[in-house]
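Peer 1: Attaching a single structure in structure tokens format; questions to follow.
Protein chains: 2
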Amino acid sequence: MPASDALELENFLPYRLNRLADAFSRDFSRIYKDRFGLTRPEWRLLATLGQYGTMTATAVGQHSSMHKTKVSRAVTELERRRWLSRAENPLDRRIDNLTLTRAGLEAYRDLVPLAHGYEESLLASLSTADRKRLLDGLAILEGVVLRKRG
Amino acid sequence: MPASDALELENFLPYRLNRLADAFSRDFSRIYKDRFGLTRPEWRLLATLGQYGTMTATAVGQHSSMHKTKVSRAVTELERRRWLSRAENPLDRRIDNLTLTRAGLEAYRDLVPLAHGYEESLLASLSTADRKRLLDGLAILEGVVLRKRG
DNA sequence: TTTCAATGGTTACGAATGCAACAAATATGG
DNA sequence: CCATATTTGTTGCATTCGTAACCATTGAAA
Numbered sequence: 000m001p002a003s004d005a006l007e008l009e010n011f012l013p014y015r016l017n018r019l020a021d022a023f024s025r026d027f028s029r030i031y032k033d034r035f036g037l038t039r040p041e042w043r044l045l046a047t048l049g050q051y052g053t054m055t056a057t058a059v060g061q062h063s064s065m066h067k068t069k070v071s072r073a074v075t076e077l078e079r080r081r082w083l084s085r086a087e088n089p090l091d092r093r094i095d096n097l098t099l100t101r102a103g104l105e106a107y108r109d110l111v112p113l114a115h116g117y118e119e120s121l122l123a124s125l126s127t128a129d130r131k132r133l134l135d136g137l138a139i140l141e142g143v144v145l146r147k148r149g
Numbered sequence: 000m001p002a003s004d005a006l007e008l009e010n011f012l013p014y015r016l017n018r019l020a021d022a023f024s025r026d027f028s029r030i031y032k033d034r035f036g037l038t039r040p041e042w043r044l045l046a047t048l049g050q051y052g053t054m055t056a057t058a059v060g061q062h063s064s065m066h067k068t069k070v071s072r073a074v075t076e077l078e079r080r081r082w083l084s085r086a087e088n089p090l091d092r093r094i095d096n097l098t099l100t101r102a103g104l105e106a107y108r109d110l111v112p113l114a115h116g117y118e119e120s121l122l123a124s125l126s127t128a129d130r131k132r133l134l135d136g137l138a139i140l141e142g143v144v145l146r147k148r149g
């Protein structure tokens, strides 16, 4: 029998978030994995560069919460595919400016509608009010994270 | 420059959830990692058995969304620590009923207040209304997952 | 300058992960 | 019954991951 002063996992915040993130992420990953053979770090790199244009590896990592080794490996792979190119910064030769190539942008443009479609399929069953509640909840959580860092 | 029809990652549901889950999970994992040397699967196994008492490995996996190999390895490790014991089910000898030992329960009882404390430290900065909004949002998302499965 | 610290990024290596194949036990269908 | 399918759980193997060590470059301090 359970401990009387138990932790109710289904009400425990980190646990709930993990389950949710896992479910959606695994689900959505099929799209970029099956159709493009991308790993999650690679997809994130592509999506970040697609949204913001040229960036450094460090900036990508900070923005997308990826460890620098993940970024490094994803960059190597997308470069091998010729989906991105590095441009050495003459002012600081430690840094490479990363930019999607034409082929990379093409892949990105193919993926964006699929991402939007996936998200919409999730929200389709929700009323406008529930959508708002959901987004409000996420925003509040993000505020908590920011407060912890700041 | 970015694609004009870009995907805004900071508004993209799977991305937001992943960042949040990652941040909290990594944060909280320090507690059971540093103090008890537990991995995340091991902590989850401990927490699940602590809450529900005796269970089979499959039931643990379903309840906590863990792959059966993760459960299997976590069981092996907690058994090695003598934090749980297996009891063969005479009616179905494929199954072992898993139960925390006295030592396992002790560890669990030590950890529960730390978990509650961690969660409370997260929510401490929020108003009652915001807490409710947050929990509402999560519940709605969980509904979406359920609908997808069902 | 010259030296030492800090930064950007890569790599080696051990740990964790998941898929697939497997064994053992039970359930099912002729 | 017997053959086959299904369930439960473990293990081998290849991939992925993160820590730490490292290289190269730049910045700061003496």
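Going down the list, the sequences are from chains L and B. Be aware that the first sequence starts at 0, since it is given in the numbering used here, and climbs by one per residue. Be aware that the second sequence starts at 0, since it is given in the numbering used here, and climbs by one per residue. Backbone N, C-alpha and C define an ideal beta-carbon position, used for all residues, glycine too.
Residues of the segment 132-144 of chain B with a CB closer than 8 Å to any CB of chain L: list them in chain order, please.
Peer 2: R132, L133, L134, D135, G136, L137, I139, L140, E141, V143 and V144
Peer 1: If you follow the alpha helix (DSSP H) that D33 of chain B is in, where does it begin and where does it stop?
Peer 2: L12 to F35
Peer 1: Would you list the residues sitting across from A86 of chain B in a DSSP beta bridge?
Peer 2: In DSSP, A86 of chain B forms a bridge with B:N96.
Peer 1: Counting only the same chain and skipping the five closest in sequence on each side, list residues whose C-beta sits under 6 Å from that of W42 of chain B.
Peer 2: These residues qualify, in order along the chain: Y31.
Peer 1: Please list, in chain order, the chain B residues whose beta carbon lies closer than 9 Å to that of E105 of chain L.
Peer 2: Those within 9 Å of E105 of chain L in chain B number zero; the least Cβ separation is about 10 Å.
Peer 1: Would you mind giving the Cβ-Cβ distance between G52 of chain L and L104 of chain L, rounded to the nearest angstrom? I have them listed as a contact below 8 Å.
Peer 2: No, G52 of chain L and L104 of chain L are not in contact; Cβ-Cβ is about 10 Å, not under 8 Å.
Peer 1: Is L125 of chain B near I94 of chain L, with beta carbons less than 8 Å apart?
Peer 2: Taking 8 Å as the cut-off, the beta carbon of L125 of chain B is found no closer than this to the beta carbon of I94 of chain L.
Peer 1: May I ask you to list, following chain order, the residues of the segment 36-48 of chain B that have a beta carbon less than 7 Å from some beta carbon of chain L?
Peer 2: For the segment 36-48 of chain B, which is checked against every Cβ of chain L, the residues closer than 7 Å are A46 and T47.
Peer 1: Give the single residue among L:L83, L:N88 and L:D91 whose Cα lies nearest to the Cα of A106 of chain L.
Peer 2: L:L83
Peer 1: Rounded C-beta distance between T57 of chain B and K67 of chain B? I'm assuming under 8 Å.
Peer 2: Contact holds; Cβ gap of about 7 Å.
Peer 1: Could you check which residue in L:S64, L:L44 and L:A102 has the C-alpha nearest to that of T75 of chain L?
Peer 2: L:L44
Peer 1: For E141 of chain L and L12 of chain B, which I take to be in contact (beta-carbon distance under 8 Å), what is that distance rounded to the nearest angstrom?
Peer 2: Actually they are not in contact, since the Cβ atoms of E141 of chain L and L12 of chain B sit about 13 Å apart, beyond 8 Å.
Peer 1: Whose Cβ in chain B lies nearer than 8 Å to the Cβ of D4 of chain L?
Peer 2: Within 8 Å Cβ-Cβ: R108 and V111.
Peer 1: Residue range of the alpha helix (DSSP H) that E141 of chain B falls in?
Peer 2: Note, E141 of chain B: alpha helix (DSSP H), T127 to R148.
Peer 1: When Cβ atoms are compared, which residues of the segment 77-107 of chain L fall closer than 8 Å to chain B?
Peer 2: L104 and Y107
Peer 1: So, at 6 Å on beta carbons, what are the nonlocal neighbours of L113 of chain L in its own chain, with the 5 sequence-adjacent residues on each side left out?
Peer 2: I30
Peer 1: Rank B:S120, B:V59 and B:K131 by C-alpha distance to the C-alpha of T98 of chain B and give the top, closest one.
Peer 2: Per the Cα distances, B:V59.
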